[in-house]
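Asks: Okay, handing you the structure first.
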Amino acid sequence: MALVKQQRGIVLITAMIMIVAVTAIAVTLMSTSSIDLKITNAAQEREEAESLLMGEVQRAVAQQAALAEQSLFTFSREQLEQGNNTFDGQNGATNRVTSLNNGPMEISCPRSYSATNGLICNMTQLETTINYGSKDQYTITVVTGVGQEMLSVKEGR
Numbered sequence: 000m001a002l003v004k005q006q007r008g009i010v011l012i013t014a015m016i017m018i019v020a021v022t023a024i025a026v027t028l029m030s031t032s033s034i035d036l037k038i039t040n041a042a043q044e045r046e047e048a049e050s051l052l053m054g055e056v057q058r059a060v061a062q063q064a065a066l067a068e069q070s071l072f073t074f075s076r077e078q079l080e081q082g083n084n085t086f087d088g089q090n091g092a093t094n095r096v097t098s099l100n101n102g103p104m105e106i107s108c109p110r111s112y113s114a115t116n117g118l119i120c121n122m123t124q125l126e127t128t129i130n131y132g133s134k135d136q137y138t139i140t141v142v143t144g145v146g147q148e149m150l151s152v153k154e155g156r
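What follows is the structure in C-alpha cells.
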C-alpha cells in the first residue's frame, strides 16, 4: 500500500512538469506569431507608402508641367537657391526641386533619337517625401531626375 501512495505523488509532479513545458511552448509560439504579424503589417504599410509616393511623384511632375514657363523645372540654379524651390503635394507629401546644372552655363540634353539643334536642357531633380506608419514615424523619399528642354539663348545670334 505504501508503494501506491508514493507513485501518486510522482505522477502529480510529472504532470505539473509537463503542464509547465507545454505552457512555455505555447507562450513562445504566441509571441512568435505576434512578431510575425507586426513584421507583416510593417511591410504592408511600407508598400502602401511606396505606391502612394509614386503617385505623388507623377502628380508633382504633372502639376509642374501644367505651369509651363512658371514651372520650377525651368528655373535657373540661382532662382532655385533663393528658396522658392519647394511645394506641397497631396496626402502629406512634400516636394523640393534642386538644380543639377554646374553653374549658369547651358548644357546639352542627353542623347535622344530625334535631337533638335538649338535646344538645351535645364537638369533638375525632384525629391518627393512622405511620412507613414503610426504617428508618421517613418519617412520615405523618391528622387527623380528631370531634364527640361529649353531654347538656347545663344542660338540665332
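So in numbering that gives the first Met the number 0, the last one in the sequence shown is 156, and the numbering has no gaps at all.
Glycine residues also receive a C-beta, built at the ideal position from the N, C-alpha and C atoms.
Return the bridge partner residues of Thr128 from the DSSP annotation.
Replies: Taking the first residue of the sequence shown as position 1, residue 128 is located at position 129. The partner list for Thr128 (beta bridge, DSSP) reads Thr93, Thr140.
Asks: Tell me where the beta strand (DSSP E) around Thr85 begins and ends.
Replies: Mapped onto the sequence shown, residue 85 falls at position 86. It spans 85-87 - the beta strand (DSSP E) in which Thr85 sits, taken as one unbroken run.
Asks: According to the neighbour-count rule (16 or more other Cβ atoms, all chains shown, within 10 Å of its Cβ), is Arg156 buried or exposed?
Replies: Working through the sequence shown from its first residue, we reach residue 156 at position 157. Low per-residue confidence applies at Arg156: pLDDT is 44, beneath 50, and the placement is therefore not dependable, though the value from the model is reported in the following sentence. Label assigned to Arg156: exposed.
Asks: Is the beta carbon of Thr85 less than 8 angstroms from the beta carbon of Gln124?
Replies: The sequence position of residue 85 within the sequence shown is 86, counting from 1. The sequence position of residue 124 within the sequence shown is 125, counting from 1. Taking 8 angstroms as the Cβ cut-off, Thr85 and Gln124 do not qualify as a contacting pair.
Asks: Check Gly146 in the structure and name its three-state DSSP category.
Replies: The residue labelled residue 146 in the question sits at position 147 within the sequence shown. In the structure shown, Gly146 sits in a strand (DSSP, three-state: E or B).
Asks: Per DSSP, what kind of secondary structure is Asn116 in: helix, strand or coil?
Replies: In the sequence shown, the residue the question calls residue 116 occupies position 117. DSSP places Asn116 in coil when its eight states are reduced to three.
Asks: Exposed or buried, which one is Glu80 when buried takes at least 16 other CB atoms within 10 Å?
Replies: Taking the sequence shown and counting its residues from 1, the one referred to as residue 80 is at position 81. It counts as exposed.
Asks: In angstroms with no decimal places, state the Cα-to-Cα distance between Asn40 and Gln78.
Replies: Sequence index remark: in the sequence shown, residue 40 carries index 41 (1-based). Sequence index remark: in the sequence shown, residue 78 carries index 79 (1-based). The straight-line gap from Cα to Cα measures roughly 43 angstroms.
Asks: Going by C-alpha to C-alpha distance, which of Ile129, Lys134, Ser70, Ser33 sits closest to Val145?
Replies: Sequence index remark: in the sequence shown, residue 145 carries index 146 (1-based). Ranking Ile129, Lys134, Ser70, Ser33 by Cα distance to Val145 puts Ser70 first.
Asks: Strictly by DSSP, which residues pair up with Met53?
Replies: What you label residue 53 is simply residue 54 of the sequence shown in a count that begins at 1. For Met53, which the question treats as bridged, DSSP gives no partner whatsoever.
Asks: By Cβ distance below 7 angstroms, which residues in the same chain neighbour Ala42 in space, the five residues on each side in sequence not counted?
Replies: Translated into positions along the sequence shown, residue 42 becomes position 43. For Ala42, where only same-chain residues beyond five positions count, there are no Cβ hits under 7 angstroms.
Asks: Give the C-beta separation of Ile129 and Leu51 to the nearest angstrom, bearing in mind that I take them to be a contact with Cβ-Cβ under 8 angstroms.
Replies: Counted from its first residue, the sequence shown places residue 129 at position 130. Counted from its first residue, the sequence shown places residue 51 at position 52. Contact holds; Cβ gap of about 6 angstroms.
Asks: With a threshold of 8 angstroms on Cβ separation, who are the neighbours of Thr27 within its own chain once the five nearest residues in sequence on each side are excluded?
Replies: Walking along the sequence shown from the start, residue 27 turns up at place 28. Cβ within range, chain order: n/a, list empty.
Asks: For Arg76, which residues in the same chain have their Cβ closer than 6 angstroms to its Cβ, ignoring the five residues on either side in sequence?
Replies: For the purposes of this step, residue 76 is taken as residue 77 along the sequence shown, with counting starting at 1. Excluding sequence neighbours, Arg76 sits near Ser98, Asn100.
Asks: Quick check on the burial criterion: 16 or more other C-beta atoms within 10 angstroms. Buried or exposed for Gln63?
Replies: For the purposes of this step, residue 63 is taken as residue 64 along the sequence shown, with counting starting at 1. By the neighbour-count rule (16 or more Cβ atoms within 10 Å), Gln63 is buried.
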